[in-house]
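Trainee: Structure below; questions to follow.
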Amino acid sequence: MKDNSQETLSPETCSKKIFELTGAKFEPDIAADLWSKILKHKWFLSEKVGRDVGYRVASIDFIENMEQAVDEYMSYQRLDILNQMGAQRIGREIWDTISDSQPPKQLVQRRIILPLTEESLSRKHGVVPPKAITFFGPPGTGKTHFAKAIAGALSWWYIEIAPSMLMSDGVEKIGANLREVMERARNLDEVVLFIDEFDEIASSRDAADRIDKSITNEFLKQIPLLKNQGNKILLVCATNYIRQLDAAMLRPGRFDCIIPVGGLDKDGRTTILEYYLSKLNTGEIDLDQLVDRVSGFTPADIQYLFHQVAQFAFEQELATQKDYRVTLETFAQIIPRITPSLSDDVIKEFEKDSVLYSRI
Ligand SMILES: Nc1ncnc2c1ncn2[C@@H]1O[C@H](COP(=O)(O)OP(=O)(O)OP(=O)(O)O)[C@@H](O)[C@H]1O
Ligand SMILES: [Mg+2]
0 MKDNSQETLS PETCSKKIFE LTGAKFEPDI AADLWSKILK HKWFLSEKVG RDVGYRVASI
60 DFIENMEQAV DEYMSYQRLD ILNQMGAQRI GREIWDTISD SQPPKQLVQR RIILPLTEES
120 LSRKHGVVPP KAITFFGPPG TGKTHFAKAI AGALSWWYIE IAPSMLMSDG VEKIGANLRE
180 VMERARNLDE VVLFIDEFDE IASSRDAADR IDKSITNEFL KQIPLLKNQG NKILLVCATN
240 YIRQLDAAML RPGRFDCIIP VGGLDKDGRT TILEYYLSKL NTGEIDLDQL VDRVSGFTPA
300 DIQYLFHQVA QFAFEQELAT QKDYRVTLET FAQIIPRITP SLSDDVIKEF EKDSVLYSRI
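Put into structure tokens, the structure is as follows:
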């Protein structure tokens, strides 16, 4: 069979030829490179079947296989990036163990989870699934917990970026590191990208010094780039200081939702208490009474309370060598040692912020 691989055509002609044969469009330079490969492939295929397969068959076969090779390469590259960025798989339990009444669970379900999972219904009604959201609220209220729970509910990867990671090469490099992280993340699919304490990289440019300003500017540039990507990536940011964020960051069009995460109601406290009680060696406990005693406690306060109670029970049994069961009495001893994070002042400020900044 004649080897046509030496045929030379101008890049523009190659591009035109490939388009006529396959319907695929390539830049002239790339097309010229592809054309020489297609000619080799034509020769190779023809040798294989014992007859001239023709330009059309050879071109289509080559492009189809090339796509497969590109797909394979992309998924290999994604795995590599996931690895480098410390991606985690989160189980669905974390979402299921949040009480339905705990704000903002229902809101997150309605505005984030369902539009992303019910894709064709979203398309039918013109609902645009979210690409970037922000949680704000006092420390320990469950912002990080919600970000993880979303990844679990969606069965997507979870990647957490702490500003301290971006600062590891010095303050001057934060902007460049942020750009690099976001560029890598844009290649991924089905990922929740969580940026904690993001006020540190998106603080108001009025109050910030020169370096801070450039970081905020970089972040402002990166959000639309991420949002324009066709892949399934949800950027979730969290902050305790929504007031300190740059005004441009909070403008509509950047974040699809700005969601307050505040205190727990009775039901929310009950669910968390039940979860932690199941890990203790307990006697009789009136749950309703315990729920009332921890009003003003954040999930982080409750978690801390249970660590203290567990340590106390452990030491009691060590000292007495008798089975020690945690009761309401035990809690009554430990609770006064813990100051609830949500004081009236904190709640008041948070409520003000919720009115001013929420967008849901
Ligand atoms: N149902 C729940 N909702 C929220 N948090 C929970 C729940 N159950 C347990 N927690 C635990 O409460 C702790 C505090 O939550 P989390 O770290 O998400 O708070 P945060 O708002 O991100 O705090 P910070 O502002 O300090 O980062 C975590 O250890 C989390 O696992
Ligand atoms: Mg957090």
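According to numbering that gives the first Met the number 0, the sequence shown is numbered sequentially starting from 0. Beta carbons are placed, not taken as given, at the ideal position from N, Cα and C, and that holds for glycine. Nothing here was measured: the structure is a model prediction, and the numbers come from that model.
#1: In the DSSP assignment, the beta strand (DSSP E) including GLU159 goes from what residue to what residue?
#2: Candidates ASP344, GLY267, GLU316 and MET248: which alpha carbon is nearest ILE132's?
#3: Compute the Euclidean distance between the alpha carbons of CYS13 and PHE25, then round it to the nearest angstrom.
#4: Nearest to ALA184 by CA position, among LYS16, GLN332 and MET73, is which residue?
#5: With DSSP run on the structure shown, which of helix, strand or coil describes GLN87?
#6: Is LYS147 near ligand 2 - that is, is its Cβ less than 7 Å away from at least one heavy atom of it?
#7: Closer than 8 Å is the cut-off here; do at least three beta carbon pairs connect the segment 179-198 with the segment 76-92?
#8: What's the C-alpha gap between PHE311 and PRO251?
#9: I'd like to know whether the C-beta atoms of ILE222 and ILE200 end up nearer to each other than 8 Å.
#10: Looking at ASP195 and ligand 2, is the gap between the Cβ and the nearest heavy atom below 7 Å?
#11: Measuring only from the beta carbon, is THR133 closer than 7 Å to any heavy atom that is part of ligand 2?
#12: Would you give the residue range spanned by the beta strand (DSSP E) that PHE254 belongs to?
#13: In this structure, how does DSSP classify CYS13 when only helix, strand and coil are distinguished?
#14: Using 7 Å as the cut-off, classify the Cβ of LYS278 as near or not near the heavy atoms of ligand 3, replying yes or no.
#15: Excluding the 5 residues flanking TRP34 on each side, which residues of the same chain have their C-beta closer than 6 Å to its C-beta?
#16: Under 7 Å from any heavy atom of ligand 2, does the C-beta of ALA237 make it?
#17: Considering only C-alpha positions, which residue in the set LEU20, ALA246, THR21 and ALA30 is nearest to GLU11?
#18: Below 7 Å, is the gap between the Cβ of THR297 and the nearest heavy atom of ligand 2?
#19: For GLU63, does the count of other Cβ atoms within 10 angstroms reach 16, so buried, or fall short, so exposed?
#20: Confirm, please, whether the CB-CB distance from VAL191 to ILE257 is below 8 Å.
#21: If contacts are defined as beta-carbon pairs under 8 Å, then LEU341 and GLY262 qualify, I think. What distance do you get, rounded to the angstrom?
#22: For LEU165, tell me which candidate among SER119, ILE194 and LYS16 has the shortest Cα-Cα distance.
#23: So, ILE301 versus VAL308, is the Cβ gap smaller than 8 Å?
#24: Should LYS321 go down as buried or exposed, given a rule of 16 or more other Cβ atoms within 10 Å for buried?
#25: If I'm right that PHE296 touches PRO339 with Cβ under 8 Å, what's the distance once you round it to whole angstroms?
#26: Excluding the 5 residues preceding and the 5 following MET0 in the sequence, name in chain order all residues of the same chain whose CB lies nearer than 8 Å to its CB.
#27: Is the segment 81-101 close to the segment 135-152, with three or more CB pairs under 8 Å?
#28: Just to confirm, are TYR275 and PHE254 a CB contact at a threshold of 8 Å?
#29: Looking at ASN235: is its Cβ nearer than 8 Å to the Cβ of PHE349?
#30: Use the C-beta contact count for VAL325: other C-beta atoms within 10 angstroms, 16 or more gives buried, fewer gives exposed.
#31: In chain order, which continuous runs of the alpha helix (DSSP H) of length 4 or greater are located wholly inside the segment 272-338?
#32: Going by C-alpha to C-alpha distance, which of ILE17, LYS351, VAL345 and GLY49 sits closest to PRO137?
#33: State yes or no: is the C-beta of PRO138 nearer than 7 Å to some heavy atom of ligand 1?
#34: From LYS231 to LYS130, what does the alpha carbon distance come to, in whole angstroms?
Mentor: Straight from the coordinates:
#1: Translated into positions along the sequence shown, residue 159 becomes position 160. From DSSP, the beta strand (DSSP E) with GLU159 extends over 156-160.
#2: Numbered from 1 along the sequence shown, position 133 holds the residue referred to as residue 132. Answer by Cα proximity: MET248.
#3: Along the sequence shown, read from residue 1 onward, the residue named residue 13 stands at position 14. Along the sequence shown, read from residue 1 onward, the residue named residue 25 stands at position 26. Roughly 9 Å separates the two Cα atoms.
#4: Start at 1 with the first residue of the sequence shown, and residue 184 comes out as number 185. Nearest C-alpha to ALA184 among LYS16, GLN332 and MET73: MET73.
#5: Taking the first residue of the sequence shown as 1, we reach residue 87 at position 88. Note: GLN87 maps to strand in three-state DSSP.
#6: Here residue 147 corresponds to residue number 148 of the sequence shown, with the count starting at 1. No, ligand 2 has no heavy atom inside 7 Å of this Cβ.
#7: yes
#8: Residue mapping note: residue 311 aligns to position 312 of the sequence shown, counting from 1. Residue mapping note: residue 251 aligns to position 252 of the sequence shown, counting from 1. Distance between the alpha carbons of PHE311 and PRO251 is about 50 Å.
#9: As a position in the sequence shown, residue 222 is number 223, starting the count at 1. As a position in the sequence shown, residue 200 is number 201, starting the count at 1. Between ILE222 and ILE200, the CB-CB gap reaches or exceeds 8 Å.
#10: On the sequence shown, position 196 is the one that residue 195 refers to. Checking the Cβ of ASP195 against ligand 2 gives yes.
#11: To locate residue 133, count along the sequence shown from 1; it is residue 134. No; taking the cut-off as 7 Å, the Cβ of THR133 has no heavy atom of ligand 2 nearer than that.
#12: Your numbering for residue 254 matches position 255 in the sequence shown. From DSSP, PHE254 is part of no beta strand (DSSP E); its letter is neither H nor E.
#13: The residue you call residue 13 lines up with position 14 of the sequence shown. The answer is helix: DSSP assigns CYS13 an H, G or I state.
#14: In terms of ligand content, the structure shown lacks ligand 3 and carries ligand 1 and ligand 2 instead.
#15: As a working note, residue 34 is residue 35 in the sequence shown. Result list for TRP34: CYS13, in chain order.
#16: The residue given as residue 237 occupies position 238 in the sequence shown. Placement of the Cβ of ALA237 at a distance of less than 7 Å from at least one heavy atom of ligand 2 is found.
#17: Numbered from its first residue, the sequence shown carries residue 11 at position 12. Closest option to GLU11, Cα to Cα, is ALA30.
#18: By 1-based counting over the sequence shown, the position of residue 297 is 298. No - ligand 2 has no heavy atom lying nearer than 7 Å to the Cβ of THR297.
#19: Numbered from its first residue, the sequence shown carries residue 63 at position 64. That one is exposed.
#20: For the purposes of this step, residue 257 is taken as the residue at position 258 of the sequence shown. For the purposes of this step, residue 191 is taken as the residue at position 192 of the sequence shown. The answer is no: Cβ separation not under 8 Å.
#21: Residue mapping note: residue 341 aligns to position 342 of the sequence shown, counting from 1. Residue mapping note: residue 262 aligns to position 263 of the sequence shown, counting from 1. The beta-carbon distance between LEU341 and GLY262, rounded to whole angstroms, is 5 Å. This is short enough to meet the 8 Å contact definition.
#22: Mapped onto the sequence shown, residue 165 falls at position 166. Minimum Cα distance to LEU165 is reached at ILE194.
#23: Translated into positions along the sequence shown, residue 301 becomes position 302. Translated into positions along the sequence shown, residue 308 becomes position 309. Not in contact: ILE301 and VAL308 (Cβ atoms no closer than 8 Å).
#24: Mapped onto the sequence shown, residue 321 falls at position 322. That one is exposed.
#25: The count along the sequence shown starts at 1 and reaches residue 296 at position 297. The count along the sequence shown starts at 1 and reaches residue 339 at position 340. The pair is a contact, with the Cβ atoms about 5 Å apart (cut-off 8 Å).
#26: Working through the sequence shown from its first residue, we reach residue 0 at position 1. Since pLDDT at MET0 reaches only 47, below the 50 mark, its modelled position is unreliable, and the value read off the structure follows with that caveat. If we look at MET0 and ignore the five residues flanking it on each side, its Cβ neighbours are TRP42, SER45, GLU46 and ASP51.
#27: Inter-segment contact for the segment 81-101 and the segment 135-152 is present: three or more beta-carbon pairs are separated by less than 8 Å.
#28: Reading the sequence shown from its first residue, position 276 is the one you call residue 275. Reading the sequence shown from its first residue, position 255 is the one you call residue 254. No. Outside cutoff.
#29: One-based indexing of the sequence shown puts residue 235 at position 236. One-based indexing of the sequence shown puts residue 349 at position 350. In the sequence as displayed, the identity of residue 235 is Val instead of Asn. Contact: no.
#30: Position 326 of the sequence shown, counted from the first residue, corresponds to residue 325. With 16 or more other Cβ atoms within 10 Å, it is buried.
#31: 286-292, 298-319 and 327-333
#32: By 1-based counting over the sequence shown, the position of residue 137 is 138. The shortest Cα separation from PRO137 among ILE17, LYS351, VAL345 and GLY49 belongs to VAL345.
#33: Translated into positions along the sequence shown, residue 138 becomes position 139. Yes, since a heavy atom of ligand 1 falls inside the 7 Å radius drawn around the Cβ of PRO138.
#34: As a position in the sequence shown, residue 231 is number 232, starting the count at 1. As a position in the sequence shown, residue 130 is number 131, starting the count at 1. Here the alpha carbons of LYS130 and LYS231 stand approximately 8 Å from one another.
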